[in-house]
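Heads up, the thing below is written out as structure tokens.
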Amino acid sequence: MLARELLRQSPDRVRQALTDRSADPAPVDLWLGLDADRRRNLVEVEELQRQRNEASKAIGERKRRGEDASVAIAAVGETKQRIDALEKELAGIDENLRAVELALPNVPSHDVPVGPDESANRLVRTVGEITAFDFEPQAHWDLGPALGILDFERGAKLAGARFTAYFGLGARLERALIQYMLDLHLEEHGYTEVLPPYLVSSDALVGTGQLPKFAEDLFKVEGNDLYLVPTAEVPLTNLHREEILEAADLPLRYTAYTPCFRAEAGSHGRDVRGLIRQHQFNKVELVQLVEPERSDAALEELTVHAETILQRLELPYRTVCLSTGDMGFSAAKTYDIEVWLPGQQAYREISSCSNCGDFQARRAGIRYRPAEGDKPTYVHTLNGSGLAVGRTLIAILENYQQADGSVVVPEVLRSYLRTDRITAS
RNA sequence: GGAGGGGUGGCUGAGUGGUCGAAAGCGGCGGUCUUGAAAACCGUUGACCUUUCACGAGGUCCCAGGGUUCGAAUCCCUGCCCCUCCGCCA
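Take 93 as the starting number for the first sequence in the working numbering and just add one per residue.
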């Protein structure tokens, strides 16, 4: 949610932000109208309430003295009716205002490249050399089944397209990656591990921005106000919803492994093969709640935290800064980390690290007190994948594959996997 | 699933439908005292919104949402959450 002061004082900036995102700027004017209506109405209601309170007080006093108050009671009746009518109107305005506010995306940071889509993304850095092969590298959807560690047909038998069953060292590799990533973030990057619920309420999803606009991307539990988490960003960021934190508590750094569930509505036909786009995938997430002045630096750090995993796994990747047209709804600035996949001869997203500024904090009511006696202000929230586990497994299979179809296990994972090579059994 | 008991300010905990945003205690902050600290004493101590250049003024909030009433923390309804006992269950 955007600050109301921003909308009132700099509507042009918000209109421009929407245009840069290839979104319709019209809601800004709708908002301005509703806001003016609201304030006009509110001033009137409050004046009438003041009159009513005064009258009620006088009635109470008369009654206490045993005097007749029926005249005064009758006199207040009209005020009461006007209050009721205006309050009803006000509730309607508030509801509309909130609906408009909740649908407005965040304003991009000034240093974000302006452009319509991913073609305008800015390359930040490229790390590692593209893996060279003296044979034709296979895609993971061929390697995995051949090794007996990924079974797409049986996954589909259980749950349909975009579900996969892992077997043997495949399952173990996925588990090892989760463990390795968590350990690294705990031990070296100062995060606190959290094991959150995998189902969350609509309030939590509104807090991080998935709702109300993107309900069709979510799996909802029938008959309950519960949704399968699309990312651990949702539970982690919402841990402190409606709280006022102390400055000394910040920064808060949380990491969690969760499965992630996405309906992938509107992506029919995209990445239908293999593990890349699944309805259920595993992810280790990084979330930070920080003081506003610290969030720019925190995004750089968090992105490096995610990149470190790829460096330790010795996987080639590049980092790009998303353009205004390619960013997510809640983000002010986003770095995507893209890993090299030899099977596709392409860099593919494996992590997305965003600074959401106070956008989510406003929605979720996460504040802190800068100093004793200060008014509470909104924290800044950041999140990033550290990393998407399924896609990391793909990257390992494709980059570490050998001419004989076996896969060498990256050095740092050998103690977790208890083997240095995955071969067909 | 059955039966019962609760949800009040940072915490504990009062609160006959009417000067209650809410007693009291604790904690926090400021001060007096002290060489310093502790103790004691005094004062202070919520959030949000509107309005004002400002001082200030006003409104809302006692889990949430409805309702009754001139007036609701207090009465009624619904929901959510917590606790105890029983049943069931990983």
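A virtual CB, placed ideally from N, CA and C, is assigned to each residue, including glycine. This structure is a prediction, so every number in the text was calculated from the model and none was measured.
Reduced DSSP secondary structure (H/G/I, E/B, other) of residue i
i	result
residue 244	helix
residue 492	coil
residue 365	coil
residue 215	strand
residue 373	strand
residue 378	strand
residue 168	helix
residue 416	coil
residue 222	coil
residue 142	helix
residue 267	helix
residue 156	helix
residue 262	helix
residue 383	coil
residue 209	coil
Alpha-carbon to alpha-carbon, residue j and residue i
i	j	result
residue 512	residue 374	23 Å
residue 508	residue 99	52 Å
residue 235	residue 427	30 Å
residue 313	residue 294	11 Å
residue 114	residue 378	29 Å
residue 454	residue 337	14 Å
residue 424	residue 204	8 Å
residue 486	residue 472	33 Å
residue 194	residue 324	21 Å
residue 170	residue 307	44 Å
residue 273	residue 202	32 Å
residue 368	residue 431	12 Å
residue 247	residue 254	8 Å
residue 353	residue 311	7 Å
residue 111	residue 285	39 Å
residue 42	residue 271	The structure shown does not extend to residue 42, since the chain is modelled only from 93 through 517, so no value can be given for it.
residue 476	residue 443	7 Å
residue 182	residue 96	17 Å
residue 287	residue 317	21 Å
residue 344	residue 420	23 Å
residue 470	residue 461	9 Å
residue 125	residue 456	25 Å
residue 491	residue 223	6 Å
residue 301	residue 221	37 Å
residue 458	residue 180	29 Å
residue 210	residue 216	14 Å
residue 483	residue 321	18 Å
residue 450	residue 122	23 Å
residue 382	residue 339	9 Å
residue 416	residue 208	7 Å
residue 146	residue 330	42 Å
DSSP beta-bridge partners of residue i
i	result
residue 511	Its beta-bridge partners do not exist; DSSP assigns none.
residue 446	426 and 475
residue 432	439
residue 283	Beta-bridge pairing links residue 283 to no other residue.
residue 272	According to DSSP, which records beta bridges pairwise, residue 272 is partnered with nothing at all.
residue 257	243
residue 484	Per DSSP, none; premise fails for residue 484.
residue 499	493 and 514
residue 411	217 and 429
residue 469	460
Proximity winner among the options, relative to residue i (alpha-carbon distances)
i	options	result
residue 516	493, 146, 504 and 510	493
residue 229	434, 463, 210 and 261	434
residue 396	353, 419, 461 and 280	280
residue 165	180, 144 and 177	144
residue 304	190, 443 and 153	190
residue 440	123, 161, 499 and 480	480
residue 319	385, 360 and 290	290
residue 176	159, 206 and 133	133
residue 197	322, 120 and 459	120
residue 402	207, 504 and 231	504
residue 275	362, 243, 159 and 376	376
residue 446	414, 437, 470 and 498	414
residue 167	159, 216 and 150	150
residue 328	299, 213 and 262	299
residue 219	390, 257, 409 and 500	409
residue 252	161, 137, 355 and 139	355
residue 118	161, 103, 128 and 370	103
residue 278	346, 265 and 268	346
residue 107	382, 187 and 200	200
residue 359	350, 94 and 371	371
Next item on the list: Output the residue ranges of the alpha helix (DSSP H) runs that lie fully inside the region 288 to 361 and measure 4 residues or longer, sorted by chain position.
Entry: Segments of the alpha helix (DSSP H) lying fully in the region 288 to 361: 294 to 300 and 325 to 330.
Notebook entry, point to check: Which whole runs of the alpha helix (DSSP H) in the region 95 to 129 are 4 residues long or more, in chain order?
Noted result: Runs of the alpha helix (DSSP H) lying entirely within the region 95 to 129, each at least 4 residues long, are 96 to 101 and 103 to 112 in chain order.
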